[in-house]
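Engineer: Below is the structure I would like to discuss, written out as structure tokens.
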Amino acid sequence: MTTLHDFTLRTLDGEERGLDAYAGKVVLIVNVASECGLTPQYEGLEELHRAYGDRGLVVLGVPCNQFGGQEPGDEATIKAFCTTRYDVTFPMSSKLDVNGPGRHPLYQWLTAEPTEPDGPGDVQWNFGKFLVGKDGAVLARFAPTTTPTSEKVVRAIEAALAA
Numbered sequence: 000m001t002t003l004h005d006f007t008l009r010t011l012d013g014e015e016r017g018l019d020a021y022a023g024k025v026v027l028i029v030n031v032a033s034e035c036g037l038t039p040q041y042e043g044l045e046e047l048h049r050a051y052g053d054r055g056l057v058v059l060g061v062p063c064n065q066f067g068g069q070e071p072g073d074e075a076t077i078k079a080f081c082t083t084r085y086d087v088t089f090p091m092s093s094k095l096d097v098n099g100p101g102r103h104p105l106y107q108w109l110t111a112e113p114t115e116p117d118g119p120g121d122v123q124w125n126f127g128k129f130l131v132g133k134d135g136a137v138l139a140r141f142a143p144t145t146t147p148t149s150e151k152v153v154r155a156i157e158a159a160l161a162a
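Going left to right, the sequence shown walks through residues 0 to 162 as numbering that gives the first Met the number 0 numbers them.
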């Protein structure tokens, strides 16, 4: 069975990072963009990271430029934007594709998993959210417009951390 821990991502700093480093942690994976109407969700993502990080939550930002060209910068530009504008301290990958023929293998797996409340299929827009449990299995998927600090996301995170 494939799990999150089978994949590798390049960080914004260009390092290859095995996601097996997150074994035993709950991970919220979010495709992000700097020039989107939903970009203020960075605040909620950082809030989750700070509130639950000590309990085992990892927020993982995945920059993507596939939706309206809203993440046009290179990795250094993205890092500077996130740290200066939103004081982001959670890990971020390098920019990648979440849909289409160049879809990263992580997203090939994520988008194929049966999930609730949003089901499998292409990522619809920036700030789509996948919640992965301590064992590396996908637990839930939330629409881009669902805010990170919404009751249903927080409840799902708390349940996953308690499991």
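Don't be surprised by glycine CBs; every beta carbon is placed ideally from N, CA and C.
Comparing alpha-carbon positions, which option in V58, L11, C63, G68 lies nearest V122?
Structural biologist: Ranking V58, L11, C63, G68 by Cα distance to V122 puts C63 first.
Engineer: Could you spell out where the beta strand (DSSP E) holding G60 opens and where it closes?
Structural biologist: Run containing G60: 56-62, per the beta strand (DSSP E) assignment.
Engineer: Return the CA-CA distance between Y51 and V152, expressed in angstroms with no decimal places.
Structural biologist: Each residue's alpha carbon lies about 12 Å from the other.
Engineer: Give a yes or no on contact between the region 5-23 and the region 86-103, applying the rule of three or more CB pairs nearer than 8 Å.
Structural biologist: Yes: the two stretches touch, three or more of their Cβ pairs being nearer than 8 Å.
Engineer: Looking at C-beta atoms only, is the number of pairs between the region 79-87 and the region 103-114 that lie closer than 8 Å three or more?
Structural biologist: With the cut-off at 8 Å, the region 79-87 and the region 103-114 do not touch.
Engineer: Who are the near neighbours of T148 in its chain, counting only those whose CB is closer than 7 Å to its CB and skipping five residues on each side?
Structural biologist: For T148, where only same-chain residues beyond five positions count, the Cβ hits under 7 Å are G43, E46, L47.
Engineer: In angstroms, rounded to a whole number, what distance separates the CA positions of D5 and L130?
Structural biologist: Rounded to whole angstroms, D5 to L130 spans 16 Å at the Cα level.
Engineer: Tell me which residues share the same chain as G135 and place their Cβ nearer than 6 Å to its Cβ, disregarding the 5 neighbours each side in the sequence.
Structural biologist: For G135, where only same-chain residues beyond five positions count, the Cβ hits under 6 Å are T2, L3, H4.
Engineer: Could you have a look at K128 and say whether DSSP puts it in helix, strand or coil?
Structural biologist: Of the three classes helix, strand and coil, the one that applies to K128 here is strand, per DSSP.
Engineer: Can you look up L11 in the DSSP assignment and give me helix, strand or coil?
Structural biologist: Three-state DSSP puts L11 in coil, outside helix and strand.
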